[in-house]
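Under my numbering, the first residue of the sequence shown is numbered 5, with each subsequent residue one higher.
Note that CB positions come from ideal geometry on N, CA and C, so glycine has one too.
To start, the structure under review is shown below, and the notes come after it.
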Amino acid sequence: MLPLLPLLTVACTPEPVDSGDTGPPRGVELLPIPDMSGMDLAVAANEALDVALGVHAERAWTQHFAALELGSSGCPDLYFGDPTEPDEGEEWMGWVDACVSTSGAEFAGEARWETDIAGEDIGGLSIEAERTLQADALVRDTQQTFFSWDGRAEDSLLQVSDPDTDYARWTWRSDVDGTLRGTLPMEGTVHPEGWRSDLSLEMSGEQAGESQTLELALKGNVYLFEPLLQGNFDSLVVDLAWAEPEALGPDECTQEPRGWIGVRTPDATWFHLVFQPREEDVASGEAYDNSPYTDCDGCASLYVRGVAQEQLICTDLSWLWSDPRLSPPDPAGFLPDRRGY
């Protein structure tokens, strides 16, 4: 009689089956951290913030009307309402054309805009204004592109003032989603080839005599055409909220903003600088604790491709509060002068 154990062992050994299955997927191998020896990320954060401050609806709005000054009678054709759907009752003004003006400027495409402004005497002066510019428009000649806007830009302004007491309060909100290029809007900027952006900006200020306070919030992204920032970075992303020291309470951090800012190389490597937590604790209303990243030291935690690095990036953003761009637009600009075109 043959022993049973060997027979059972053979019977329980399955035959190999070639199913084509290579087994469970292997872990994704992370690329090595790139060489950062030629990068100054503290300076890059300042440059990116400087760029973001210039990405707003007023730039597209004012330079569009500057470009219209290059037109002539009948070029471009102006309309109140939609020329293709006159019964729609759209309350906007705009132009649609493909022409060359007497100045030699070519207008191609279309643009439409809406404005609303109202004032009220409430013991001082209260002004509320809104404007929107939506376009796929190009203005150029044989030598240069004066203005090109493909997208939507809108902003709103609330301003309250009392000249008798030297008191003023204002809030300005801007949203841009599109591509802006041309010598008119980009003159004097560090990115003369223009940008493509989806960015929201909110500024507010209050002034009483010689005392004033400022607050700022930025959220969104900007892609820059050449030249690159520091010769390295073609994009920025930001989600920051901050206020100048005079506007902050005694327990709030004055050395750094809440949130983060990032820059990207053309090979899609992101470098994020994370400051104080942007979110607040629902119960307390204070920034949640995440030591040591909540330290108020002016330094940001560095993430490369989403991977935390050991070093901190210490920045000085104090220049922000003396920047002349932290001021509201002129309410008169919400009602452009229609004479001459």
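**Study point:** Distance CB(Gly128)-CB(Asp170) smaller than 8 Å
**Key:** Not closer than 8 Å, so no.
**Study point:** Boundaries (first-last residue) of the beta strand (DSSP E) holding Asp243
**Key:** Start and end: 239-247.
Check your understanding: Do you know how far the Cα of Gly98 is from the Cα of Met192?
Key -> Checking the sequence, you will find Gly at residue 192 rather than Met. Gly192 and Gly98: Cα-Cα distance of roughly 28 Å.
**Study point:** Span of the alpha helix (DSSP H) around His60
**Key:** In this chain, His60 is not harboured by any alpha helix (DSSP H), its DSSP state being neither H nor E.
Check your understanding: How many angstroms separate the CA atom of Gln216 from the CA atom of Leu161?
Key -> Distance between the alpha carbons of Gln216 and Leu161 is about 18 Å.
Check your understanding: Between Leu218 and Trp325, is the Cβ-Cβ spacing less than 8 Å?
Key -> Their beta carbons are under 8 Å apart, which means Leu218 touches Trp325 by this criterion.
Exercise for review: Give the DSSP-derived three-state secondary structure of Phe84 in the structure shown.
Suggested key: In this structure, DSSP gives Phe84 an extended state, which the three-state scheme calls strand.
Exercise for review: Check Gly128 in the structure and name its three-state DSSP category.
Suggested key: Looking at Gly128 - three-state DSSP - the assignment turns out to be coil, as it is neither helix nor strand.
Review point. Can you tell me whether DSSP reads Trp174 as helix, strand or coil?
Key: Three-state result, Trp174: strand.
Point to revise | Thr149: first and last residue of the uninterrupted beta strand (DSSP E) it sits in | key: Counting along the chain, the beta strand (DSSP E) containing Thr149 begins and ends at 149-166.
Practice item. Compute the Euclidean distance between the alpha carbons of Gly263 and Ser208, then round it to the nearest angstrom. Key: Whole-angstrom Cα-Cα distance: 18 Å.
**Study point:** Among Gly198, Arg144, Glu256, Cys257, nearest to Gly75 - alpha-carbon criterion
**Key:** Of Gly198, Arg144, Glu256, Cys257, the residue nearest in Cα terms is Arg144.
Check your understanding: Excluding five sequence neighbours on each side, which residues of the same chain lie with their C-beta closer than 8 Å to the C-beta of Pro28?
Key -> The predicted model places Pro28 with a pLDDT of 46, which falls under 50 and marks its position as unreliable; any figure quoted below should be read in that light. Excluding positions up to five away in sequence, the list is empty.
Practice item. Helix, strand or coil for Trp65, going by three-state DSSP, please let me know. Key: DSSP places Trp65 in the helix class (H, G or I) of the three-state scheme.
Review point. Helix, strand or coil: which one does DSSP assign to Ala336?
Key: Of the three classes helix, strand and coil, the one that applies to Ala336 here is helix, per DSSP.
Exercise for review: Could you work out which residue in Phe237, Val242, Pro189 is closest to Leu220 when comparing CA atoms only?
Suggested key: Checked all of Phe237, Val242, Pro189; the closest Cα to Leu220 is Val242.
Check your understanding: When you compare each of Glu260, Pro189, Glu206 to Glu199 by their alpha carbons, which one comes out closest?
Key -> Here residue 199 is Trp; the residue named in the question, Glu, does not match the sequence. Checking every option, the nearest Cα to that of Trp199 belongs to Pro189.
Check your understanding: In angstroms, rounded to a whole number, what distance separates the CA positions of Arg268 and Leu205?
Key -> Cα to Cα, Arg268 sits roughly 21 Å from Leu205.
**Study point:** Extent of the continuous beta strand (DSSP E) run through Met207
**Key:** Where Met207 is concerned, the enclosing beta strand (DSSP E) stretches over 199-212.
Review point. Where Thr149 and Pro249 are concerned, what is the direct C-alpha to C-alpha distance, given to the nearest angstrom?
Key: Computed Cα separation, rounded: 42 Å.
Point to revise | Cutoff 7 Å; reference Thr106; Cβ partners in own chain excluding five residues on either side | key: The answer, listed in chain order, is Ser76.
Point to revise | Distance between beta carbons of Ala61 and Val180, contact taken as under 8 Å | key: Yes, they are in contact, since the Cβ atoms of Val180 and Ala61 sit about 6 Å apart, within 8 Å.
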